[in-house]
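The structure appears below as structure tokens.
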Amino acid sequence: METAARYKPNIEVAADGEELANRAADLFIKTAREAIQARGRFYTALSGGHTPKRSFEVLAASPAAGSLPWEKIHVFWVDERYVPPDSPHSNYRLAAEVLLKKVPIPPDNVHRIPTEYDDIRAAARAYEEVIRDVFGLTGNEVPQLDLIVLGMGSDGHTGSLLPNSYAPFDTDDLACAVYMRGDMLNRITLTHPVMRAARRLAVLVSGEEKSQTLKDVLHGEPDEVRYPIHVLWPVLDRILWLVDHDAAQAI
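Whatever position you read off the sequence shown (first residue = 1), add 622 for the working numbering.
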């Protein structure tokens with residue numbers, strides 16, 4: 623892929639998970655300040671998981687974050703398991719309890735993925751309509767978020783763009799349903815056109831179990847089928863990889 627050859631991954635290696643969380647929190651604060659100064663608003667999409675959780679905790683405790691004009695900040699979610707918002711499996715609940723309830727963000731600025739519909743496809747459409755309304759989109763326009771915070775699974779997925787699913791290849795929607803096999807929970811995810819349109823993306827990767835996949839992803843030929851995160855390679859120059867020492871061992 624030509625773009626991948628033109629740009630090298632921008633990788634920052636943290637000594638441990640705590641340093642990674644602090645760097646992620648600093649990036650959130652810096653990007654928010656820049657966006658608000660430049661355009662009067664900051665639009666971000668958050669992910670769930672252990673690594674983002676610690677960065678949320680650091681943010682919530684930060685005086686710098688507390689001094690942000692939260693009335694100018696809008697929060698979305700990259701993806702969500704199809705569970706009630708009070709479920710322990712909910713990405714919304716994680717961010718709400720750890721961060722959003724501890725900062726003065728107006729409730730109308732918190733745009734969770736709705737999971738109360740009987741039909742998950744209707745829920746995905748409803749989330750897309752919320753995005754369109756907040757950004758004032760028409761036709762085939764795509765929102766431009768200021769910062770999308772992503773993770774990467776040991777199988778090379780990001781958000782809920784999962785291997786063996788249609789989601790990594792959906793270019794018609796802003797959000798789509800992801801059907802899981804067996805006992806796994808179905809999900810809704812932002813599609814890769816939304817991710818690619820962001821002004822900045824941060825991919826947080828921690829844990830030794832992801833080191834070989836990270837090496838393959840960063841240094842192998844892009845393969846969107848095997849590693850869905852490769853759908854982001856056309857915007858590799860806008861991605862910051864925040865990686866802890868354990869995950870960076872193989873790179």
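Glycine included, C-beta positions come from ideal geometry on N, C-alpha and C.
Which whole-angstrom value is the C-beta distance of A865 and V827, which I expect to be below 8 Å? Mapped onto the sequence shown, residue 865 falls at position 243. Mapped onto the sequence shown, residue 827 falls at position 205. Correcting the residue identity first, residue 865 is Val in this sequence and not Ala. Yes, they are in contact, since the Cβ atoms of V865 and V827 sit about 5 Å apart, within 8 Å.
Would you call the segment 705 to 716 and the segment 668 to 678 touching, i.e. three or more CB-CB distances under 8 Å? The answer is yes - the segment 668 to 678 touches the segment 705 to 716, with three or more Cβ pairs under 8 Å.
What do you get for V800, buried or exposed, if any count of 16 or more other CB atoms within 10 angstroms of its CB means buried? As a first step, residue 800 must be located in the sequence shown, where it is residue number 178. Residue environment for V800: buried (at least 16 other C-beta atoms within 10 angstroms of its C-beta).
Since V635 sits in a beta bridge, which residues does DSSP pair it with? Numbered from its first residue, the sequence shown carries residue 635 at position 13. According to the DSSP secondary-structure assignment, V635 is paired through a beta bridge with V865.
Looking at the structure shown, is A626 part of a helix, part of a strand, or coil, going by DSSP? Against the sequence shown, residue 626 aligns to sequence position 4. Residue placement at A626 is poorly supported in this model, since its pLDDT is 46, which falls under 50; the coordinates still yield a value, given next. Note: A626 maps to helix in three-state DSSP.
How about F664 and D768: do their beta carbons lie closer than 8 Å? The residue given as residue 664 occupies position 42 in the sequence shown. The residue given as residue 768 occupies position 146 in the sequence shown. Yes, Cβ-Cβ distance for F664 and D768 is below 8 Å.
R734 beta carbon less than 8 Å from that of W615: Examination of residue 615 is not possible in this model, given that the chain is present from 623 through 873 alone.
Is V705 helix, strand or coil when you go by DSSP? Position 83 of the sequence shown holds residue 705. It is coil, neither helix nor strand.
Alpha-carbon to alpha-carbon, P856 and A682: Along the sequence shown, read from residue 1 onward, the residue named residue 682 stands at position 60. Along the sequence shown, read from residue 1 onward, the residue named residue 856 stands at position 234. Answer to the nearest angstrom: the Cα atoms are 33 Å apart.
Can you find at least 3 beta carbon pairs, one from the segment 639 to 657 and one from the segment 785 to 803, that sit closer than 8 Å? Short answer: they don't touch.
Select from V680, R703 and F650 the residue whose C-alpha is nearest the C-alpha of R614. No answer is possible for residue 614: it lies beyond the span of the chain, which begins at 623 and ends at 873.
If you measure between the beta carbons of P631 and L854, is that distance less than 8 Å? Indexing the sequence shown from 1 puts residue 631 at position 9. Indexing the sequence shown from 1 puts residue 854 at position 232. Contact flag unset, no.
For V902 and Y749, what's the separation of their Cα atoms in angstroms? Given a span of 623 to 873 for the chain in the structure shown, any question on residue 902 remains unanswerable.
With DSSP collapsed to three states, give me the class of V839. Here residue 839 corresponds to residue number 217 of the sequence shown, with the count starting at 1. Shown here, V839 sits in a helix according to DSSP, grouped into three states.
Could you tell me if the beta carbon of W855 falls within a distance shorter than 7 Å of some heavy atom in the ligand COA? Summarising the ligand content, the structure contains no ligands, and the ligand COA is consequently not present.
Have a look at A636, L690, F678 and V680 and flag the residue whose alpha-carbon is nearest the alpha-carbon of G662. Sequence index remark: in the sequence shown, residue 662 carries index 40 (1-based). The candidate whose alpha carbon is nearest that of G662 is L690.
Taking just the CA atoms, how far does G775 sit from E846? To locate residue 846, count along the sequence shown from 1; it is residue 224. To locate residue 775, count along the sequence shown from 1; it is residue 153. Distance between the alpha carbons of E846 and G775: 14 Å.
Would you call the CB atoms of A687 and Q766 closer than 8 Å? For the purposes of this step, residue 687 is identified with residue 65 of the sequence shown, where counting begins at 1. For the purposes of this step, residue 766 is identified with residue 144 of the sequence shown, where counting begins at 1. In this structure, Q766 does not lie closer than 8 Å to A687 by Cβ.
Taking a contact to mean a Cβ-Cβ separation below 8 Å, would you say S833 touches A870 in this structure? Mapped onto the sequence shown, residue 833 falls at position 211. Mapped onto the sequence shown, residue 870 falls at position 248. Less than 8 Å separates the beta-carbon of S833 from that of A870.
I'd like to check one pair, F678 with V720: are the Cβ atoms closer than 8 Å? Residue mapping note: residue 720 aligns to position 98 of the sequence shown, counting from 1. Residue mapping note: residue 678 aligns to position 56 of the sequence shown, counting from 1. Contact annotation: V720 and F678 have beta-carbon atoms nearer than 8 Å.
Use the C-beta contact count for R743: other C-beta atoms within 10 angstroms, 16 or more gives buried, fewer gives exposed. Within the sequence shown, numbered from 1, the residue matching residue 743 stands at position 121. By the 10 Å Cβ count, R743 comes out exposed.
Could you compute how far the alpha carbon of I695 sits from the alpha carbon of A654? Translated into positions along the sequence shown, residue 695 becomes position 73. Translated into positions along the sequence shown, residue 654 becomes position 32. In this structure, the straight-line span from the alpha carbon of I695 to that of A654 is close to 8 Å.
Measure the alpha-carbon distance for A718 versus V725 and round it to whole angstroms. The residue labelled residue 718 in the question sits at position 96 within the sequence shown. The residue labelled residue 725 in the question sits at position 103 within the sequence shown. C-alpha separation (whole angstroms): 10 Å.
Starting from the C-beta of T793, find all residues in its chain whose C-beta is less than 8 Å away, skip the five residues before and the five after it, and write them out in chain order. Numbered from 1 along the sequence shown, position 171 holds the residue referred to as residue 793. Counting only Cβ-Cβ distances below 8 Å, and skipping sequence neighbours, we find T813, H814 and P815.
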